[in-house]
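Per full-length UniProt numbering: the sequence shown = residues 1 to 123.
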Amino acid sequence: MSLLPNNRQIGQAYEQMAEQYLCRHHLTPIARNFSCRSGEIDLIMRQGKCLVFIEVKYRAQAHYGSAAEAVNWRKQQKLKRAAFFWLHKNGYSIEHCQFRFDVIAIQGHHHHIEWFTNILVEG
């Protein structure tokens with residue numbers, strides 16, 4: 001048995017860090033690690049009347065791009081499909097519900113956090 005944390009445990013630690021950061025900014029947690037055939041959502045939170053679907057990304061170094069750059073168009077589409085599935089499953093109407101897609105990017109060993117709101121690119 002290894003004493004080193006696995007990737008899932010590391011990911012959960014950064015998701016928890018992101019959730020705590022967002023709670024300090026007045027968002028309320030609703031769900032964590034929702035997954036379906038369409039994709040997965042790291043965090044689902046509420047800010048006022050708006051549901052917020054959040055992708056959490058971490059990069060120790062920027063050699064392969066920043067954490068935020070890792071959320072490309074394809075990843076955004078998977079996030080969108082998973083969010084629409086979650087909304088439908090939980091009785092929300094896409095047409096009558098306020099929602100958005102955010103990214104929490106955690107960069108470097110000092111865990112610098114950047115919050116990008118409304119990241120969805122149409123097209």
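By construction, the Cβ of each residue, glycine as well, lies at the ideal position given by its N, Cα and C atoms.
Values in this document were obtained by computation on a predicted structure and should not be read as measured data.
For residue i, the residue or residues it bridges with in DSSP
| i | result |
| --- | --- |
| Lys57 | Ala105 |
| Gln47 | Cys50 |
| Glu40 | Ser35 |
| Arg100 | Val52 |
Residue i - DSSP class collapsed to helix/strand/coil
| i | result |
| --- | --- |
| Asn7 | helix |
| His112 | strand |
| Ile94 | helix |
| Gly123 | Confidence is the limiting factor: at Gly123 the pLDDT is only 46, short of 50, which leaves the residue's position unreliable and the question unanswerable from this model. |
Closest residue to residue i among the options (Cα-Cα distance)
| i | options | result |
| --- | --- | --- |
| Asn72 | Ala83, Lys57, Gln9 | Lys57 |
| Gly108 | Lys49, Ala60, Arg100 | Ala60 |
CA-to-CA distance, residue j to residue i, given in whole angstroms
| i | j | result |
| --- | --- | --- |
| Lys89 | His111 | 34 angstroms |
| Val52 | Arg37 | 20 angstroms |
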